[in-house]
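Colleague: Next up is a structure, given as structure tokens.
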Amino acid sequence: MKLFITGAAGFVGKELISQCRQNGIDYVAVDLIDSLLPHHHAADIRSKEIGLLIPEEADAVIHLAGLTSDPLCKNKAYDCFEANLMATLNLMDAAYKKGVKQFIFSSTEWVYGPFKEGEIKDEYSLIDITKLDSEYALSKLVVESSLRQKFRHGFCAVTILRFGIIYGCREKGSAVESIFNAVKTKDKVTIGSLNTGRCFIHVSDIVSGIMHSIGLKGFNIINLQGDKLITLKDLIETSQEILNKEVIVEESDSNNISIRNVSNQMAFQMLSWQPKIDLEEGLKRLNNFLSTNK
1192 MKLFITGAAG
1202 FVGKELISQC
1212 RQNGIDYVAV
1222 DLIDSLLPHH
1232 HAADIRSKEI
1242 GLLIPEEADA
1252 VIHLAGLTSD
1262 PLCKNKAYDC
1272 FEANLMATLN
1282 LMDAAYKKGV
1292 KQFIFSSTEW
1302 VYGPFKEGEI
1312 KDEYSLIDIT
1322 KLDSEYALSK
1332 LVVESSLRQK
1342 FRHGFCAVTI
1352 LRFGIIYGCR
1362 EKGSAVESIF
1372 NAVKTKDKVT
1382 IGSLNTGRCF
1392 IHVSDIVSGI
1402 MHSIGLKGFN
1412 IINLQGDKLI
1422 TLKDLIETSQ
1432 EILNKEVIVE
1442 ESDSNNISIR
1452 NVSNQMAFQM
1462 LSWQPKIDLE
1472 EGLKRLNNFL
1482 STNK
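Our numbering puts the first residue of the sequence shown at 1192, with every later residue one more than the last.
In structure tokens, the structure reads:
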């Protein structure tokens, strides 16, 4: 197996390369940031020369590069679409010319837009583009549509993975890292609403899902999400148990409850994949990381 990985210096990219090295999988990795690791190249996927780095008939391009959050894209439509859409179109053309067998694209659960109370969304849920107020989500959705069109015109197999809210061993990132760090270092924690919830997923499980998707035929869209909805209350209580510490919790807007419940059942059915790291285990790993990297 040989993979071509973009966004190699990112949070998911680093974990993916770590798992490739552990499993003896050949890869070529690119990012704007240089690295001294073997098979890494400083390269811009917007460049017409990017195809020179893609191995002939690679088993998969795993495309993780681009702007990866709403704050980076908010009211910056040109920058957002250049980095996320135009760069991907360029990479798609290069992959086609090199005879790549599969194109795996990291999309996001944010393409689903707002949720109604009690709603669970899956890959068949209707997406109303007029309800998207995020340039980031819109750019990902347009890339998904572009990949579908390219596939119809004879492109290789396409796998779109809609990532959930990822957390792991880093100081900053999702609500998981920031709230756990606040419980660890402060006596008082202020949040919006304790009942706000997400299907948080550990970065190691995300990468496991990517690995399980390699070799999938045809055009597929699959959610990679945690197994259960985790509220901020769950997160705080589990953090306190692990740290053996109690904090004062203040809700700044208790009635403003935001719940995004996304199903991962298709990933289980099509990829034989399930998350293995629950919240308690994930927070224990995070605690060890933070304690070691003081």
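The C-beta atom is built at its ideal place from N, Cα and C for all residues, glycine as well.
Below 8 Å, can you find three or more Cβ-Cβ pairs linking the stretch 1228-1240 to the stretch 1389-1403?
Modeller: Touching, no, given that fewer than three Cβ pairs across the two stretches are closer than 8 Å.
Colleague: Run through the DSSP bridge pairs and tell me what Phe-1202 is partnered with.
Modeller: Position 11 of the sequence shown, counting from 1, holds the residue named residue 1202. According to DSSP, which records beta bridges pairwise, Phe-1202 is partnered with nothing at all.
Colleague: What residues match up with Ser-1297 in a beta bridge as DSSP calls it?
Modeller: Your numbering for residue 1297 matches position 106 in the sequence shown. Looking at the DSSP assignment, Ser-1297 forms a beta bridge with Leu-1352.
Colleague: Determine the closest residue to Pro-1466 out of Ser-1399, Ser-1482, Glu-1441, with distance taken between C-alpha atoms.
Modeller: The residue labelled residue 1466 in the question sits at position 275 within the sequence shown. Among Ser-1399, Ser-1482, Glu-1441, the Cα nearest to that of Pro-1466 belongs to Ser-1399.
Colleague: In the DSSP output, what is Ala-1366 paired with across the bridge?
Modeller: For the purposes of this step, residue 1366 is taken as the residue at position 175 of the sequence shown. None; Ala-1366 has no bridge partner.
Colleague: Indicate the three-state DSSP secondary structure (helix, strand or coil) for Thr-1381 in the structure shown.
Modeller: Reading the sequence shown from its first residue, position 190 is the one you call residue 1381. It is a strand residue.
Colleague: Which same chain residues, not among the five before or five after Thr-1381, have their C-beta less than 7 Å away from its C-beta?
Modeller: Residue mapping note: residue 1381 aligns to position 190 of the sequence shown, counting from 1. Correct list, in chain order: Glu-1441, Ser-1443.
Colleague: Measure the alpha-carbon distance for His-1230 versus Asp-1324 and round it to whole angstroms.
Modeller: For the purposes of this step, residue 1230 is taken as residue 39 along the sequence shown, with counting starting at 1. For the purposes of this step, residue 1324 is taken as residue 133 along the sequence shown, with counting starting at 1. The straight-line gap from Cα to Cα measures roughly 39 Å.
Colleague: Nearest CA to the CA of Ala-1285: which residue from Gly-1242, Glu-1326, Val-1203, Asp-1469?
Modeller: As a first step, residue 1285 must be located in the sequence shown, where it is residue number 94. Ala-1285 has its Cα closest to that of Gly-1242, out of Gly-1242, Glu-1326, Val-1203, Asp-1469.
Colleague: Name the two residues that bound the continuous alpha helix (DSSP H) containing Val-1291.
Modeller: Within the sequence shown, residue 1291 is the residue found at index 100, counting from 1. Note, Val-1291: premise wrong, no alpha helix (DSSP H); not H, not E.
Colleague: Under the DSSP definition of a beta bridge, which residues are partnered with Lys-1193?
Modeller: Walking along the sequence shown from the start, residue 1193 turns up at place 2. DSSP output for Lys-1193 lists Asp-1217 as bridge partner(s).
Colleague: Please classify Arg-1361: does DSSP put it in a helix, a strand, or coil?
Modeller: Taking the first residue of the sequence shown as 1, we reach residue 1361 at position 170. If DSSP states are grouped into helix, strand and coil, Arg-1361 belongs with coil.
Colleague: Do three or more CB pairs link the stretch 1293-1309 to the stretch 1329-1344 at distances below 8 Å?
Modeller: The stretch 1293-1309 is in contact with the stretch 1329-1344.
Colleague: Following the continuous alpha helix (DSSP H) through Lys-1476, name the residue where it begins and the one where it ends.
Modeller: Counting from 1 along the sequence shown, the entry for residue 1476 is found at position 285. What sits at residue 1476 in the sequence shown is Arg, not Lys. Taken as a continuous stretch (DSSP letters only), the alpha helix (DSSP H) holding Arg-1476 covers 1470-1483.
Colleague: Give the straight-line distance between the Cα atoms of Ile-1224 and Asn-1446, rounded to the nearest whole angstrom.
Modeller: As a first step, residue 1224 is located in the sequence shown; it is residue number 33 there, counting from the start. As a first step, residue 1446 is located in the sequence shown; it is residue number 255 there, counting from the start. Looking at the two C-alpha atoms, the distance is approximately 42 Å.
Colleague: Thinking C-alpha only, which one of Met-1402, Ile-1439, Thr-1387 is nearest Thr-1422?
Modeller: As a working mapping, residue 1422 is identified with position 231 in the sequence shown. That would be Thr-1387, whose Cα lies nearest to the Cα of Thr-1422.
Colleague: Excluding the 5 residues preceding and the 5 following Asn-1484 in the sequence, name in chain order all residues of the same chain whose CB lies nearer than 8 Å to its CB.
Modeller: Here the question's residue 1484 lines up with position 293 in the sequence shown. Glu-1362.
Colleague: For Ala-1233, which beta-bridge partners are listed by DSSP?
Modeller: The sequence position of residue 1233 within the sequence shown is 42, counting from 1. Bridge partners of Ala-1233: Asp-1222.
Colleague: Can you tell me where the alpha helix (DSSP H) with Val-1302 in it begins and where it stops?
Modeller: One-based indexing of the sequence shown puts residue 1302 at position 111. No alpha helix (DSSP H) contains Val-1302, which DSSP labels as neither H nor E.
Colleague: Using a threshold of 8 Å, state whether the C-beta atoms of Leu-1426 and Asn-1478 are closer than that.
Modeller: In the sequence shown, counting from the first residue as 1, residue 1426 sits at position 235. In the sequence shown, counting from the first residue as 1, residue 1478 sits at position 287. Their beta carbons are not under 8 Å apart, which means Leu-1426 does not touch Asn-1478 by this criterion.
Colleague: Using 8 Å as the threshold, is the C-beta distance between Arg-1339 and Phe-1410 below it?
Modeller: In the sequence shown, counting from the first residue as 1, residue 1339 sits at position 148. In the sequence shown, counting from the first residue as 1, residue 1410 sits at position 219. Yes, Cβ-Cβ distance for Arg-1339 and Phe-1410 is below 8 Å.
Colleague: Could you give the distance in angstroms between the alpha-carbon of Ala-1268 and the alpha-carbon of Leu-1244?
Modeller: For the purposes of this step, residue 1268 is identified with residue 77 of the sequence shown, where counting begins at 1. For the purposes of this step, residue 1244 is identified with residue 53 of the sequence shown, where counting begins at 1. C-alpha separation (whole angstroms): 29 Å.
Colleague: Grab me the residues of Ala-1458's own chain with a C-beta within less than 7 Å of its C-beta, minus the 5 sequence neighbours each way, in chain order.
Modeller: For the purposes of this step, residue 1458 is taken as residue 267 along the sequence shown, with counting starting at 1. Gly-1400, Ile-1413, Asn-1414, Leu-1415, Trp-1464, listed in sequence order.
Colleague: Where Asn-1452 and Glu-1308 are concerned, what is the direct C-alpha to C-alpha distance, given to the nearest angstrom?
Modeller: Indexing the sequence shown from 1 puts residue 1452 at position 261. Indexing the sequence shown from 1 puts residue 1308 at position 117. Going by the C-alpha atoms only, they are around 10 Å apart.
Colleague: With DSSP as the reference, identify every bridge partner of His-1344, one or two as the case may be.
Modeller: Along the sequence shown, read from residue 1 onward, the residue named residue 1344 stands at position 153. In DSSP, His-1344 forms no bridge with anything.
Colleague: For the candidate residues Ala-1373, Gly-1417, Ala-1328, whose alpha-carbon lies nearest to that of Asn-1266?
Modeller: By 1-based counting over the sequence shown, the position of residue 1266 is 75. Answer by Cα proximity: Ala-1328.
Colleague: Under the three-state reduction of DSSP, which class applies to Leu-1415: helix, strand or coil?
Modeller: Counting from 1 along the sequence shown, the entry for residue 1415 is found at position 224. Three-state DSSP puts Leu-1415 in a strand.
Colleague: Here's the rule I'm using: 16 or more other beta-carbon atoms within 10 Å means buried, otherwise exposed. How should Met-1283 be labelled?
Modeller: Residue numbering aside, residue 1283 sits at position 92 when the sequence shown is read from its first letter. Counting Cβ neighbours within 10 Å, Met-1283 comes out buried, since at least 16 surround it.
Colleague: For Ser-1404, count the other beta carbons within 10 Å of its own beta carbon; 16 or more makes it buried, fewer makes it exposed. Which is it?
Modeller: Indexing the sequence shown from 1 puts residue 1404 at position 213. Ser-1404 comes out buried.
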